[in-house]
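Undergrad: This structure is in structure tokens; I'll ask about it shortly.
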Amino acid sequence: MKIRQAKSLRRFLKYLFLAVVAFIGLIPFILIVLTSIKTTVDALAMPPKWFFIPTLQNYQKLIASIDFLKSIKNSLIIGVGATIAATGLGITTSYTLTRFRFKGDKAFSYFILALRIVPPITFVIPYFLIWRSLKLADTYFSMITMYVTLVLPLLIWMIRSFFAEIPYEIEEAAMVDGCTRWQTLRYVLIPTVIPGIMASATLSFIFVWNEFMFALLNTGRNTRTLPIEIYNSLGYYQLDWAKLSSSAVIAIIPVIIIIALTQKYIIRGLTMGAVKG
Amino acid sequence: MKKFGGLVLFIFGILLICQIAAADESNWGNIDWVQFKGTQLNVLATSMPVSEVYKSKIAEFEELTGIKVNFELLNDVDRKKKQLVDYASGMGEYDVANVGFSNREEFAQPGYMESLQPYLDNPKLTDKDWYNIDDYPKDVLAGGISGDKLVMIPFTAEYFLLWYRKDIFSLLNLTPPKTPTELKDVAAKLEEARKDGKIEEFAFIERTMSGASEGGWNLFCTAHRLGFDFVDFKDMISYTNTPKGIEIMSFYTDLCKQYGPPGSANWTWTDIGAAAAQGKLAMVVGGNASYAYLEDKNTSKVAGKMGYVPPPMENGKDPLWIWGWAINAKSKNKEAAWLLVQWLTSPNLITEMAPLYGCPARKSVYSLPEYIEAMPSQEFIDSQLWMMENGIDPDTQFLLTPMYGEVADLVSKEMNAVVAGIKTVEQACQDAEAALIKIGFKASVQ
Amino acid sequence: MVSSHGGISTPMRIQRTTQEDRRFIIWSILPSLFAVVLVGGVPVLYTFILSLKNYQLIKPPGVFIGLGNYIDLLTNNPRYIHAILFTILFAVGAVVIEIVIGFLVASVLADEEVTSRYSSLIRTLILIPFVVAPVVVSYTYKTLIYDVTFGYLNYFLQLVHLPVFDLSQGIYSAPIGILVMEVILRTPFVTLILFAGISSIDASIFDAGAIDGVSWWKRMYLLTLPIIKPIIVVAFAFRFMDALKMFDEIYVITGGGPGYITENASIFAVRYGFEYFRMGYAAASAFIFLIVVLVLIMSFLKWSKFEEGMA
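Those protein sequences? They're chains V, L and S, same order as listed.
If you count by our numbering, then the first sequence holds residues 248 to 524, one letter each, in order.
If you count by our numbering, then the second sequence holds residues 1251 to 1696, one letter each, in order.
If you count by our numbering, then the third sequence holds residues 12 to 322, one letter each, in order.
Now the structure itself:
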């Protein structure tokens, strides 16, 4: 009797803990949503206006704006494109760096890492010059290429750590069964590490989705991304809270959908016939 | 008889139509607007109300000239960054861009901005009579001149005004202050009333957040209005650590510390505007361009209650701020770009747009009935006119140099430290001077 | 998935490579190498050359002055030294807290008693603040949460007669306020990664532990932690690197103030580069910072025996 009670109490506490954590994290977001359905004068009222008339005019204005919709499209194309390309490169490169030792492997790993440490200001002028000289500024190609370079370090190093979890015996077993390295990678290792790959890819996508500095200097009318539109709410004299909050809410919808979908792959125990003991 | 009458009517009708058609043509001046048909121009503008109005009207220009315009809006801080990189790289990406007064020298001295006088004087490109450049008050147009070259055409004329709550002032029987002493007096009375619970509003605030285009600008302008400059840029002397410098710094920080709402040391324009609109402030030294936000019921609780007068001054004037349109010296379509600049600042367009943004640079607009009706009050219009004629100093020396950004940033950081309670005024002035000496200034011999 | 001797999994580095292997290595590395060198290395080189000149954005092209910028930064600019120290200390503090909290949350999320649907829901929910555009969150924190006049935090504090929390006064409030915000925002990153790692651990290990009557803490310490150590190390390293580059949050909330207190390396570089126009100087500051951080990270990775764990 006592054990069962203790067990359900423990379970309840765990659920409660998670709920509290989620709530604390969501407070700013809740405020943003509330602001987006209030008029500006209500949104900034302090003491807070607990009873207010919600309005959808902020969203209506936003959805009617062609620029805003176009920027969502651009962000999706660039975000998905860069993530897929970078993930593909990341998987193969990180596997090789984990398993093989060859001349310059350490230098290469650290060089990739260094790219992540460098503050964006370092890249700003060169990219502006390079893309414009090549007449490739404001194209999907240049944006995706830059972003692939920016997220590659994250993907390579993260996936490396997941490959590191797997003992070599599994690969040996597969190769003994007649697989080539590529096949081993594709049919045995990747499925095992899917949670890690999905998690890293999700984070990379989020990074590209919200990236501002590179987008600022390299996009124009054709490839303007969502963060630029959101930042435009920062008017010279007045912060347009209405636009800021409503555009932020709309901006996260595609990402949340993607995150919710990838959660399925970030779960435990996907072993697919791995060797035990 | 009837036939004859019909003929007269017919001729009359044709003449009338010709007259209307001719009037439409001469409405835009006597130049060939379509001479650059087919060109493409890129425009970079700051995200602000007047630019949004421009953007909505740009199709009219495209129709008039056959030139395609890509009008890009960007928030101001980043617009400056992108513009800088474009200018410095020599790529000529943006043909036309808006430039703020305090950045003029930064862009003009390295030769990034095209000199506009030749275009103005070219009869093929400009109908001078129609364009009427004399409509700009002398001091306002001077804001677009660097050295002796006209590098940008102003489209707004901005300066500081004192916003004050008419209802509170009449409740407490106060008149808006005109000098710094009066300002301290009135603020003290307002604070007393607040402590007594008669009013909720805080007496006074100016920007104290650090940054050359934040508190730095307010600090330097207020000092200038009191006849003092912290720094002499021409001879590279710093007056920051002089008795007068300390006095002005004290005046500024004391006022804000004593009478500003709690937490206001971090406030930027938007926070101050929001606070005023929420009815938390009785007096603000703010810009004339923010009136729309304060008078809109969707954004402001004090619509209709705000009064506007020139800010307190003594022995000095207010530096002028203008937004102007400039042509990139590396642009590949300069003449077409000039047509655009001319159109953007034309009497026709400014007349049409003025009621929508309130602070046009052309003087004649201020007496138009549509404009008068759209403004919050005659007091507002009169204050603006007074400022444009008497209250502004276009030769504000500290803005005639590219070093303003760095200097104002350093000094404002010290000012912010005082308001944050970390340093005393004396310490702050000393540290500011030390920082200035490090970048090449000399301490004044006092 | 654990090797038969029941300890930490130790994948082995391959010593002898076959012809086929060599081809594999080249093909798998080449595209990344290409991208990284061309699109990453070349621009960095360009900026490095810039840092050796006194290049100013309003006076190009600038004269070559060798290490002049670097020397000035290191010997003549206490503001820069403060910026670097603040950046590093702040990042370390924030990330350590995030790893601890993240690990706790991830373990509970992965716990067998928590249904996978609830876990999935919570995981999506906590990622939401992480996904919202940083500038929007920063303004929300600045005005709607922390501000003394407009913010909900102080509203509630005053309701229960607690002292007010004012970011703009004093030398501690601003760093603490930003730290708390950063931790709340970024812990989901760590949680997600650690959760993926804990998820990959085969359940059979834990069953063995449960049978032996091992307590939850011991299980965590002896089993889970060692296995996911490489993941913790990498999560720490990456969170650390991102925390070092933090820009929007500080820029919006305090602009580097009060005074110079919350000015970090990124803000320093942007101010010197875009507001004082001294791009060469700013570039040099970025490179010094890069070297300092690279050394720190490499020592960290060495200390944690990350590479050896892979050997």
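Glycine is no exception: its CB is placed at the ideal position from the N, C-alpha and C atoms.
Keep in mind that this is a model prediction, so the values were computed, not measured.
1) Mark residue 80 of chain S as exposed unless 16 or more other C-beta atoms lie within 10 angstroms of its C-beta, in which case mark it buried.
2) Can you tell me which residues form a DSSP beta bridge with residue 1575 of chain L?
3) So residue 1606 of chain L and residue 1303 of chain L are in contact, right, with Cβ under 8 Å, and what is the actual spacing, rounded?
4) Could you tell me the distance, in whole angstroms, from the CA atom of residue 276 of chain S to the CA atom of residue 94 of chain S?
5) So the alpha helix (DSSP H) residue 502 of chain V belongs to, where does it begin and stop?
6) Nearest to residue 57 of chain S by alpha carbon, out of S:291, S:308 and S:234?
7) Alpha carbon to alpha carbon, how far is residue 1513 of chain L from residue 177 of chain S? Give it in angstroms, no decimals.
8) Return the bridge partner residues of residue 305 of chain V from the DSSP annotation.
9) Output the distance between the C-alpha atoms of residue 158 of chain S and residue 77 of chain S, rounded to the nearest integer angstrom.
10) Quick one, which of L:1578, L:1639, L:1288 and L:1628 has its alpha-carbon nearest residue 1358 of chain L's?
11) With a CB to CB cut of under 7 Å and the five nearest residues on each side skipped, what residues in its chain are close to residue 340 of chain V?
12) On a CA-only basis, which of L:1661, L:1530 and L:1367 is nearest residue 294 of chain V? Give me that one, please.
13) Which of the three DSSP states, helix, strand or coil, is assigned to residue 292 of chain V?
14) Just to confirm, are residue 1649 of chain L and residue 1355 of chain L a CB contact at a threshold of 8 Å?
15) Which residues, in order along the stretch 1332–1345 of chain L, keep a beta-carbon less than 7 Å from a beta-carbon of chain V?
16) I'd like the list of long-range same chain contacts for residue 169 of chain S, defined as Cβ closer than 8 Å, with 5 residues on each side in sequence excluded.
17) Does the beta-carbon of residue 172 of chain S have 16 or more other beta-carbons within 10 angstroms, so that it is buried, or is it exposed?
18) Using the beta-carbon count (16 or more within 10 Å), is residue 41 of chain S buried or exposed?
19) So that I know if they touch, is there some Cβ in chain L lying closer than 8 Å to that of residue 69 of chain S?
20) Please tell me whether residue 1562 of chain L and residue 1641 of chain L are closer than 8 Å, where the distance is taken between their beta carbons.
21) Counting only beta-carbon separations shorter than 8 Å, does residue 294 of chain V have a partner in chain S?
22) Which chain S residues sit within Cβ distance under 8 Å of residue 396 of chain V?
23) Should residue 1274 of chain L be flagged as near chain S, meaning a C-beta pair shorter than 8 Å?
24) Going by the DSSP bridge assignment, what does residue 378 of chain V pair with across the sheet?
25) Can the beta-carbon of residue 269 of chain S be found less than 8 Å from the beta-carbon of residue 1496 of chain L?
26) Which residue or residues does DSSP assign as beta-bridge partners of residue 1556 of chain L?
27) To which residues of the same chain is residue 97 of chain S closer than 6 Å at the C-beta, ignoring the five residues directly before and after it?
28) Put residue 175 of chain S into one of helix, strand or coil per three-state DSSP.
29) According to DSSP, is residue 457 of chain V part of a helix, a strand, or is it coil?
30) Within 10 angstroms of the Cβ of residue 1404 of chain L, are there 16 or more other Cβ atoms? Answer buried if so, exposed if not.
31) How big is the Cα-Cα spacing for residue 278 of chain S and residue 92 of chain S?
32) Taking residue 1369 of chain L and residue 1575 of chain L to be in contact with their CB atoms under 8 Å, please state how far apart those CB atoms are, rounded to whole angstroms.
33) Whose C-beta lies closer than 7 Å to the C-beta of residue 152 of chain S among residues of the same chain, with five residues either side of it excluded?
34) Is the CB of residue 374 of chain V under 8 Å away from at least one CB in chain A?
35) Measure the CB-CB distance between residue 1615 of chain L and residue 1624 of chain L and report whether it falls below 8 Å.
36) Between residue 1659 of chain L and residue 286 of chain S, is the Cβ-Cβ spacing less than 8 Å?
TA: Reading it off the structure:
1) With 16 or more other CB atoms across the displayed protein chains lying within 10 angstroms of its CB, residue 80 of chain S is buried.
2) According to the DSSP secondary-structure assignment, residue 1575 of chain L is paired through a beta bridge with L:1348 and L:1403.
3) The pair is a contact, with the Cβ atoms about 5 Å apart (cut-off 8 Å).
4) Inter-residue distance for residue 276 of chain S and residue 94 of chain S is about 5 Å (C-alpha atoms, whole angstroms).
5) Counted as a single uninterrupted DSSP element, the alpha helix (DSSP H) harbouring residue 502 of chain V occupies residues 488–510.
6) Ranking S:291, S:308 and S:234 by Cα distance to residue 57 of chain S puts S:291 first.
7) Their backbone Cα atoms lie some 6 Å apart in a straight line.
8) Looking at the DSSP assignment, residue 305 of chain V forms no beta bridge with any residue, so it has no partner.
9) Approximately 46 Å between the Cα atoms of the pair.
10) Just measuring C-alpha positions, the residue of L:1578, L:1639, L:1288 and L:1628 sitting nearest residue 1358 of chain L is L:1578.
11) Only 403 meet the Cβ criterion.
12) Taking only the C-alpha atoms, the option nearest residue 294 of chain V is L:1530.
13) It is coil, neither helix nor strand.
14) The Cβ-Cβ distance between residue 1649 of chain L and residue 1355 of chain L falls below 8 Å.
15) Considering only beta carbons, the part of the stretch 1332–1345 of chain L lying closer than 7 Å to chain V consists of 1332, 1335, 1339, 1341 and 1343, in chain order.
16) For residue 169 of chain S, where only same-chain residues beyond five positions count, the Cβ hits under 8 Å are 175.
17) Its Cβ having fewer than 16 others within 10 Å, residue 172 of chain S is exposed.
18) Taking all protein chains in view, the Cβ of residue 41 of chain S is surrounded by fewer than 16 other Cβ atoms within 10 Å, so the residue is classified as exposed.
19) Closer than 8 Å to some Cβ of chain L, the Cβ of residue 69 of chain S qualifies, so yes.
20) Contact flag unset, no.
21) Taking a beta-carbon distance threshold of 8 Å, residue 294 of chain V counts as an interface residue toward chain S.
22) Taking a Cβ-Cβ threshold of 8 Å, the residues of chain S close to residue 396 of chain V are 46, 47, 50 and 51, in chain order.
23) For residue 1274 of chain L, the pLDDT reaches just 45, beneath the cut-off of 50, and the residue's location in the model is therefore unreliable, although a value from the coordinates is still provided. No, its Cβ sits nowhere closer than 8 Å to a Cβ of chain S.
24) Beta-bridge pairing links residue 378 of chain V to no other residue.
25) It is not a contact, given that the beta carbons lie outside the stated cut-off.
26) Residue 1556 of chain L pairs with L:1415.
27) So the qualifying residues of the chain are 275.
28) Correct three-state label for residue 175 of chain S: coil.
29) Reduced to three states, the DSSP call for residue 457 of chain V is helix.
30) Of the residues assessed, residue 1404 of chain L falls on the buried side of the cut-off, its CB having 16 or more other CB atoms within 10 angstroms.
31) About 13 Å.
32) Contact between residue 1369 of chain L and residue 1575 of chain L fails: their C-beta atoms lie close to 12 Å from each other, not under 8 Å.
33) Closer than 7 Å at Cβ, skipping near neighbours: 192 and 264.
34) No chain A appears in the structure shown, which is made up of the protein chains V, L and S.
35) Judged by beta-carbon spacing, residue 1624 of chain L lies beyond the 8 Å limit of residue 1615 of chain L, meaning their Cβ atoms are not closer than that value.
36) At the C-beta level, residue 1659 of chain L and residue 286 of chain S come within 8 Å of one another.
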